[in-house]
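Notes follow once the structure below has been shown.
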Amino acid sequence: MTDFSGFVPTEEGPRGSRPRPEGTPDLVIVAFSGHCGIVCHTRNTWSYLDSASEATGGVAVLDGIVDAYRELGLEVEVFSASSFATAHYSAVSQEVEHGYLQAQAYLDEVKRDLITGYTNPTRVVLVGHSHGTVWASLLAMNNLDVTFDAFVSLDAICWQWWARHKGFVAQTFVGSPWPLPYPLENGDP
2 MTDFSGFVPT
12 EEGPRGSRPR
22 PEGTPDLVIV
32 AFSGHCGIVC
42 HTRNTWSYLD
52 SASEATGGVA
62 VLDGIVDAYR
72 ELGLEVEVFS
82 ASSFATAHYS
92 AVSQEVEHGY
102 LQAQAYLDEV
112 KRDLITGYTN
122 PTRVVLVGHS
132 HGTVWASLLA
142 MNNLDVTFDA
152 FVSLDAICWQ
162 WWARHKGFVA
172 QTFVGSPWPL
182 PYPLENGDP
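First residue of the sequence shown? That's 2 in my numbering, and the numbers climb one at a time after it.
Here it is in structure tokens:
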């Protein structure tokens, strides 16, 4: 079992009464890729941070982050999402991609199964690239009950985020059972 004492300066809060089950991750990474370029339709965004390319030197960005935490002796699990309000088919990846709602559902599961009530709760790290940093920020702002141990912000940008996403946000959240993420009820964050 990994000892986190001194790992991240975190204010002591109420601790659970039981240890986390064996074989569960010490740390989870929730990652949001950015928009797929100026000429790409927003619906075609895809989760690319876990993909190696010539531009990344043949190494997936998330692999590098995961490897750094594994070097510290941590068991790591990754959830990767695209820059979109919900699951959608991307013509670029030709797959159904996770979006913000799926990341929220994953984090809810992590809170329930790996954080709440444990003496050694699973740690959470956010990663965002470009427009993905906005989605990652929304996830953090709407989950104040979670201590995020790190936020890796890669080339963060919010220019054109609202213009590209507001229609999809309205379509996903207005009249749905899901609450509109704070501060989007006020419009452009």
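Glycine is no exception: its CB is placed at the ideal position from the N, C-alpha and C atoms.
Because the structure is a prediction, the values reported are computed rather than measured.
Inset, instruction - Could you round the C-beta distance between Val-62 and Pro-26 to whole angstroms and report it? I think they count as a contact, below 8 Å. - result: Position 61 of the sequence shown, counting from 1, holds the residue named residue 62. Position 25 of the sequence shown, counting from 1, holds the residue named residue 26. Incorrect: roughly 19 Å between the Cβ atoms, too far for contact.
Legend entry - Under 8 Å between C-beta atoms of Thr-46 and Phe-85: Locating residue 46 in the sequence shown gives position 45, counting from the first residue. Locating residue 85 in the sequence shown gives position 84, counting from the first residue. Contact flag set, yes.
Inset, instruction - Starting from the C-beta of Tyr-101, find all residues in its chain whose C-beta is less than 6 Å away, skip the five residues before and the five after it, and write them out in chain order. - result: Walking along the sequence shown from the start, residue 101 turns up at place 100. Residues of the same chain with a CB within less than 6 Å of the CB of Tyr-101, apart from the 5 flanking positions on each side, are Ala-86 and Trp-136 in chain order.
Legend entry - Limits of the unbroken beta strand (DSSP E) element including Phe-30: Within the sequence shown, numbered from 1, the residue matching residue 30 stands at position 29. The sequence shown places Ile at residue 30, not Phe. Where Ile-30 is concerned, the enclosing beta strand (DSSP E) stretches over 28-33.
Inset, instruction - Report the partner residues of Arg-19 according to the DSSP bridge assignment. - result: Position 18 of the sequence shown, counting from 1, holds the residue named residue 19. Under the DSSP definition of a beta bridge, Arg-19 partners with Tyr-119.
Inset, instruction - Kindly indicate the opening and closing residues of the alpha helix (DSSP H) around Gln-49. - result: As a working mapping, residue 49 is identified with position 48 in the sequence shown. The amino acid at residue 49 is misidentified as Gln; the sequence shows Tyr. It is not in any alpha helix (DSSP H) - Tyr-49 carries neither H nor E in the DSSP assignment.
Legend entry - C-alpha gap between Ser-131 and Asp-156, whole angstroms: Within the sequence shown, the letter at position 130 stands for residue 131. Within the sequence shown, the letter at position 155 stands for residue 156. Each residue's Cα considered, the two are about 5 Å apart.
Legend entry - Alpha carbon of His-36 to alpha carbon of Thr-134, nearest angstrom: Here residue 36 refers to the residue found at position 35 when the sequence shown is read from its first residue. Here residue 134 refers to the residue found at position 133 when the sequence shown is read from its first residue. Each residue's Cα considered, the two are about 10 Å apart.
Legend entry - Pick from Ser-83, Ser-154 and Val-153 that is closest to Glu-98, judged by C-alpha positions: Locating residue 98 in the sequence shown gives position 97, counting from the first residue. When the alpha-carbon of Glu-98 is set against those of Ser-83, Ser-154 and Val-153, the nearest one is in Ser-83.
Legend entry - Reference Asp-150; option with closest CA among Ala-171, Leu-139, Val-128 and Val-170: Mapped onto the sequence shown, residue 150 falls at position 149. Of Ala-171, Leu-139, Val-128 and Val-170, the residue nearest in Cα terms is Val-128.
Inset, instruction - Please name the residue or residues paired with His-130 in a DSSP beta bridge. - result: Along the sequence shown, one-based indexing puts residue 130 at 129. For His-130, which the question treats as bridged, DSSP gives the partners Leu-155.
Legend entry - Residue environment, Ser-18, which counts as buried when at least 16 other CB atoms sit within 10 Å: In the sequence shown, counting from the first residue as 1, residue 18 sits at position 17. By the neighbour-count rule (16 or more Cβ atoms within 10 Å), Ser-18 is not buried but exposed.
Inset, instruction - Using the Cα positions of Pro-122 and Ala-69, report the straight-line distance between them to the nearest angstrom. - result: The residue you call residue 122 lines up with position 121 of the sequence shown. The residue you call residue 69 lines up with position 68 of the sequence shown. Whole-angstrom Cα-Cα distance: 20 Å.
Inset, instruction - Could you spell out where the beta strand (DSSP E) holding Glu-96 opens and where it closes? - result: Reading the sequence shown from its first residue, position 95 is the one you call residue 96. Glu-96 -> beta strand (DSSP E) spans 96-98.
Inset, instruction - Compare the C-alpha of Glu-23 against each of Leu-140, Thr-120 and Ser-48 and name the closest. - result: As a first step, residue 23 must be located in the sequence shown, where it is residue number 22. Selected option, being the one with the closest Cα: Thr-120.
Inset, instruction - Please report how far the alpha carbon of Leu-139 lies from the alpha carbon of Asp-64, in whole angstroms. - result: As a working mapping, residue 139 is identified with position 138 in the sequence shown. As a working mapping, residue 64 is identified with position 63 in the sequence shown. Distance between the alpha carbons of Leu-139 and Asp-64 is about 24 Å.
Inset, instruction - Give the secondary structure of Val-125 by DSSP, where H, G and I count as helix, E and B as strand, and everything else as coil. - result: Within the sequence shown, numbered from 1, the residue matching residue 125 stands at position 124. If DSSP states are grouped into helix, strand and coil, Val-125 belongs with the strands.
Legend entry - Exposure label - Arg-21; buried when at least 16 CB within 10 Å: Reading the sequence shown from its first residue, position 20 is the one you call residue 21. Buried, by the Cβ-count rule.
Legend entry - Inter-residue Cα distance where the pair is Ala-191 and Ser-34: Nothing about residue 191 can be read from this structure; the chain reaches only from 2 to 190.
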